[in-house]
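Trainee: I have a structure here, written as structure tokens, and I will follow up with some questions on it.
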Amino acid sequence: MQGSNDPLRTDGARSIKASLLSAFPAFQSPNFRRYFPGQVVSMVGTWIQMVAQGWLVLELTGSAFDVGLAAAASTLPTLFLSLIGGVIVDRYPRRTILFWTQSSAMVLAFILGIFALTGTVTMPIILLLSFLLGCVNAINVPALQSFLSEMVEREHLSSAIALNSAIYNGSRVIGPAIAGVLIAAAGTGTAFMLNGFSFFAVLLSLFMIKAGQRNPSGTEPVHPVRAITDGLRYSWRHPLIRTIVIFIAIISIFGWSYVTMLPVVAKRSFNMDATGLGYLYGVSGIGSVIGTVLISMYSGRVDRLVFIAGGTILFALSLIGFTYTLWLPLALFFLFLCGFGLVAAVATMSATIQGTVEDRYRGRVMSLYMMVFMGFMPIGNLQVGWLSEQFGTGPAIRFGCLVTLFAAVVIIFYSRRVRSDYQRYREELKL
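Read in order, the letters of the sequence shown are residues 1 to 431 in full-length UniProt numbering.
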């Protein structure tokens, strides 16, 4: 029997470690290794709450529009507060900001859980707490995105962004599955409380991370209005950032909104309970994880604009197929492709922006990106909810797919011009 110090086993372990670090170079950073597990636990809890809230609203009101309204309430503040959040992120230590935002989200989860457990929860309470959580996320999300640049080297940033996206989407596999079982066994209140406790994991990770160097927007603080204006001007003049921000707006309104309707599809098309809904989210999440892993491994070898457009086309065609099938195995396959295509496109967009933006504008540019991505979701949630009430959920989702398909074709058609404008922009900066 060979001992634990067997040289062959040791060499094999080193080879596996080297291969993993080569495929996922962000893990070469000790801070990212500390960050990763805490964020996984926290995001699983977040997805548990998202599924539980959608199910709770559907049980309280039975309205697809109300499901979209509750989702919109949590993202609407992003539309108005993200730009201010970007100024805060560029001015103050990002780890400190994250401590406060994560703690605030934890308190809101506990409050919602208490209302649900005591049977006193109402639709206005859900809307108010969702709105407050949206206010927190308007600062938390750009802070988290910008903090990634402090945890890893710049050449590993694409890997870190892809892995961070993998955390979000991997949680879509685990969180909804847990939520389905938990809701059936103990109710939505317990799901909200579990999410509250999950925040302790990310707070511990932040405590263990050694504070990185903050990227200030300048040597002297400027007036917030001027700081916002400078960030907007910089984003508009930058050809790649401008193109991606416009495209993510279309994705946010007409593509991502399908997630809001999954509880309705589960109940009305497939006669599923909360557990079945978890399967729908989970299969989409598996596709998303695979998409983000491929981004981490091959982001530097593929034309990013083509990757963005190709992922979007795959997503839209698969989602159209999903709306036409009533055979569950085929529906799950289409959802898998949806998750793969959509997240491959979105993760590539985020990595492209992070890789090209100047450090002094990072917080403001990421706040603009997240303002458009998350802040425009209420528009998408409301439009898909209203169209579902008027024409049915299938036609509502298919309309969004057609719009995103058209936008992807436009991206492909103009990709050469965008690359040419970007090269000219870089040359002008050197002069």
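The beta carbon of each residue, even a glycine, is placed where N, CA and C say it ideally should be.
These figures come from a predicted structure and were not determined experimentally.
(1) Would you mind listing the beta strand (DSSP E) stretches within the segment 227-267 that are 3+ residues and don't spill past its ends, in chain order?
(2) What's the gap between the Cα of Asn215 and the Cα of Thr229?
(3) Skipping 5 residues on each side, what residues in its chain have a beta carbon closer than 7 angstroms to that of Ala138?
(4) Please identify the residue among Ala177, Ala52, Met50 and Met208 whose C-alpha is closest to the C-alpha of Phe36.
(5) Between the segment 397-413 and the segment 107-127, are three or more C-beta pairs nearer than 8 angstroms?
(6) In angstroms with no decimal places, state the Cα-to-Cα distance between Ala116 and Met261.
(7) Which same chain residues end up closer than 7 angstroms to Ser367 when comparing Cβ atoms and leaving out the 5 residues on each side of it in sequence?
(8) For the candidate residues Leu203, Asp359, Ser388 and Leu232, whose alpha-carbon lies nearest to that of Phe99?
(9) With a floor of 4 residues, list each alpha helix (DSSP H) that falls wholly inside the segment 332-381, ordered by position along the chain.
(10) Are there 16 or more other CB atoms within 10 angstroms of the CB of His156, so buried, or fewer, so exposed?
(11) By how many angstroms is the C-alpha of Gln102 removed from the C-alpha of Met123?
(12) Leaving out the 5 sequence neighbours to the left and right, which residues in its chain are closer than 6 angstroms to Ala72 when beta-carbon positions are compared?
(13) Tell me, to the nearest whole angstrom, how far the beta carbon of Ser388 is from that of Val264; I am working on the premise that it is less than 8 angstroms.
(14) Starting from Ser103 and walking both ways along the alpha helix (DSSP H), at which residues does that stretch end?
(15) Between which residues of its own chain and Leu56 is the CB-CB distance below 6 angstroms, once the five residues before and five after are set aside?
(16) What does the Cβ neighbour count give for Thr348, buried or exposed, with the cut at 16 atoms within 10 Å?
(17) Considering Pro124, what are the terminal residues of the alpha helix (DSSP H) in which it resides?
(18) Among the candidates Leu108, Ser149, Arg237 and Gly291, whose CA atom is the shortest distance from the CA of Pro93?
(19) Determine the extent of the alpha helix (DSSP H) in which Gln28 is found, giving its start and end residues.
(20) Which of the three DSSP states, helix, strand or coil, is assigned to Gly282?
(21) Skipping 5 residues on each side, what residues in its chain have a beta carbon closer than 8 angstroms to that of Leu332?
(22) Less than 7 angstroms between C-beta atoms, sequence neighbours within five positions excluded: which residues of the same chain meet that for Ala160?
Mentor: The structure says:
(1) Listed in chain order, nothing qualifies, since the segment 227-267 has no complete beta strand (DSSP E) run of 3 or more residues.
(2) Low per-residue confidence applies at Asn215: pLDDT is 48, beneath 50, and the placement is therefore not dependable enough to give any value.
(3) If we look at Ala138 and ignore the five residues flanking it on each side, its Cβ neighbours are Pro77, Thr78, Leu81, Ser82 and Gly85.
(4) Of Ala177, Ala52, Met50 and Met208, the residue nearest in Cα terms is Met208.
(5) Taking 8 angstroms as the limit for Cβ pairs, the verdict is that the segment 107-127 does not touch the segment 397-413.
(6) Cα to Cα, the separation comes out at about 22 angstroms.
(7) Closer than 7 angstroms at the Cβ level, and outside the excluded window around Ser367, lie Ser82, Leu83, Gly85, Gly86, Val89 and Pro142.
(8) For the residues Leu203, Asp359, Ser388 and Leu232, the minimum Cα distance to Phe99 belongs to Leu203.
(9) Counting whole runs of 4 or more residues, the segment 332-381 contains the alpha helix (DSSP H) stretches 362-375.
(10) His156 should be labelled buried.
(11) If you take the alpha carbons of Met123 and Gln102, they lie about 24 angstroms apart.
(12) The beta carbon of Ala72 is closer than 6 angstroms to those of Pro378, Asn381 and Leu382 in its chain, skipping five residues each way along the sequence.
(13) With a Cβ gap of about 7 angstroms, Ser388 and Val264 count as contacting.
(14) Arg94 to Leu117 is the extent of the alpha helix (DSSP H) around Ser103.
(15) Contacts found: Thr188.
(16) Under this definition Thr348 is a buried residue.
(17) Its alpha helix (DSSP H) spans residues Met123 to Met151.
(18) Taking only the C-alpha atoms, the option nearest Pro93 is Ser149.
(19) For Gln28, there is no enclosing alpha helix (DSSP H), since its DSSP letter is neither H nor E.
(20) Note: Gly282 maps to helix in three-state DSSP.
(21) Closer than 8 angstroms at Cβ, skipping near neighbours: Tyr279, Leu280 and Val283.
(22) Annotation for Ala160: Ala26, Phe32, Leu148, Met151 and Val152 place their beta carbon closer than 7 angstroms to its own, counting only its chain and skipping 5 residues before and after.
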